[in-house]
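Under my numbering, residues 141 to 465 are what the sequence shown spells out, in order. Note that CB positions come from ideal geometry on N, CA and C, so glycine has one too. Note that the structure is a prediction, hence the values are computed from the model and not measured. Input: a single structure, listed below in structure tokens.
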Amino acid sequence: MAGELFGKKAQRWAARLAPLRLLLQSLEALVLLLFLALAALLPPKRASSFGAALAGWIGPHLAKHRHVERNLAFALPEGAPGEREAAALGSWRTLGAVLGEMPHLGRLADLERRPPAVELCTAKGAEDIPDRLARGEAFVFVTAHLGNWELLPRLLVQLGGKAAVIYTPQGNPLTDSLLQRLRRSPGIAFIGKQGGVRALLQAMRRGESLGLLVDLRSDEGEAIPFFGVPAMTSTAPARLALMAKAELVPVRVERLAPARFRVTVDRPIEPRDSVASAQARARDMTEQVNARFAAWIRLRPGDWLCTKRRFPKEITPPLAPDRGA
Numbered sequence: 141m142a143g144e145l146f147g148k149k150a151q152r153w154a155a156r157l158a159p160l161r162l163l164l165q166s167l168e169a170l171v172l173l174l175f176l177a178l179a180a181l182l183p184p185k186r187a188s189s190f191g192a193a194l195a196g197w198i199g200p201h202l203a204k205h206r207h208v209e210r211n212l213a214f215a216l217p218e219g220a221p222g223e224r225e226a227a228a229l230g231s232w233r234t235l236g237a238v239l240g241e242m243p244h245l246g247r248l249a250d251l252e253r254r255p256p257a258v259e260l261c262t263a264k265g266a267e268d269i270p271d272r273l274a275r276g277e278a279f280v281f282v283t284a285h286l287g288n289w290e291l292l293p294r295l296l297v298q299l300g301g302k303a304a305v306i307y308t309p310q311g312n313p314l315t316d317s318l319l320q321r322l323r324r325s326p327g328i329a330f331i332g333k334q335g336g337v338r339a340l341l342q343a344m345r346r347g348e349s350l351g352l353l354v355d356l357r358s359d360e361g362e363a364i365p366f367f368g369v370p371a372m373t374s375t376a377p378a379r380l381a382l383m384a385k386a387e388l389v390p391v392r393v394e395r396l397a398p399a400r401f402r403v404t405v406d407r408p409i410e411p412r413d414s415v416a417s418a419q420a421r422a423r424d425m426t427e428q429v430n431a432r433f434a435a436w437i438r439l440r441p442g443d444w445l446c447t448k449r450r451f452p453k454e455i456t457p458p459l460a461p462d463r464g465a
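Next up, the structure:
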């Protein structure tokens, strides 16, 4: 992130010089702290709108905007340039809104507030999952960077469950510490990505459901179709579900308005060939996860935060059709 705020040249120098790296990280953390402090003073809706407007203004001028545009070219191959541009702006606005809502996560996830900020739904085939969660059953929940994914661990606790969230610490430990402070809440454990399979299985044995964001590129994963393109995707959620004999449950978050959401617990994903090898079943289940994510993103592309490269460099994205021809 420091490279985005201060330029790639400064980032290269910071990689060599520890004092410069600390200075840039401190400045980045200070900017984030000031933003979060202001967001905390505002009501949730205004904080969300403020963050969306700010990120929507800054984001398109950053180098990472090329990743947003390229990812959306794969996601919306039939979209006109104007549709893709609107979706790209929406992606940055999603980032800003999520950051603006960070100080208000507890309030937004409180299902007993009237009116609630979250409309909680279950799809056909998933109606009993909230009751089973409250009885102590553990699941492997997967979601994408849609709407506001930060709400999900708190919602699991609101429903009577316990959550273990797998996360990758940010490169800047100062900003990572700020965000983790806002994420912490009773009933939620955070396990680093490198914590290992054993730690995750132990968490599930304690009745903790796992929460994973799996729409990002994973160089340790497999080339799984995503929007019809082979893209490196983690099969870990499916493998964990198979090892723990737990259900793999996708969850969709839709932003209805500033600080207002619909969260849908979708039907569990099962391997289409129950007698295939564990590797084949995990791959099949991951293909189904990617297909659901792709369908959700196509319906609301502006809800998808996609500022990191998702697809292989060597594959050329499709050109937007010329609607004026």
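DSSP, reduced to helix, strand and coil, places Ser166 within a helical segment of the structure shown. Secondary structure at Ala303: strand, using DSSP grouped into helix, strand and coil. Using a C-beta cut-off of 8 angstroms, the stretch 227 to 236 makes contact with the stretch 194 to 205, since at least three inter-stretch Cβ pairs fall below that distance. A contact is defined here as three or more CB-CB pairs under 8 angstroms, and the stretch 279 to 288 fails this definition with respect to the stretch 316 to 329. Comparing alpha carbon positions, the residue from Met425, His244, Lys333 and Phe190 closest to Ala378 is Met425.
Counted as a single uninterrupted DSSP element, the alpha helix (DSSP H) harbouring Gly191 occupies residues Pro184 to Ile198. Leu251 has its alpha-carbon roughly 32 angstroms from the corresponding atom of Thr375.
Partner residues in a beta bridge of Ser325, as assigned by DSSP, do not exist. Taking the C-beta atoms as reference points, His244 is found no nearer than 8 angstroms to Ala228. By the CB criterion at 8 angstroms, Gly351 and Leu260 fall outside the cutoff. Here the stretch 351 to 369 makes contact with the stretch 411 to 427; the two share three or more CB pairs at distances below 8 angstroms. In the displayed model, Glu387 falls within coil according to three-state DSSP, outside both helix and strand. The C-beta distance from Ala215 to Pro441 rounds to 6 angstroms, short enough to meet the 8 angstroms contact threshold. For Gly191, the CB contacts under 6 angstroms within the same chain, skipping 5 residues up- and downstream, are Gly236, Ala237, Leu239 and Gly240 in chain order.
Using a 10 angstroms sphere on the CB of Glu218, the tally of other CB atoms stays under 16, which defines it as exposed. Taking the Cα positions, Arg400 is about 26 angstroms away from Val171. Between Met242 and Glu168, the C-beta spacing is not below 8 angstroms.
For Glu427, the secondary structure class from DSSP, reduced to helix, strand or coil, is helix.
Burial check for Gln334: the Cβ neighbour count within 10 Å stays below 16, so the residue is exposed. With 16 or more other CB atoms across the displayed protein chains lying within 10 angstroms of its CB, Ser349 is buried. Inclusion of Leu356 and Arg275 in the CB contact set at 8 angstroms is not warranted, their separation being larger than that value. Within its own chain, the residues whose Cβ lies closer than 8 angstroms to the Cβ of Asp316, once the five positions on either side in sequence are excluded, are Pro309 and Gln310, listed in chain order.
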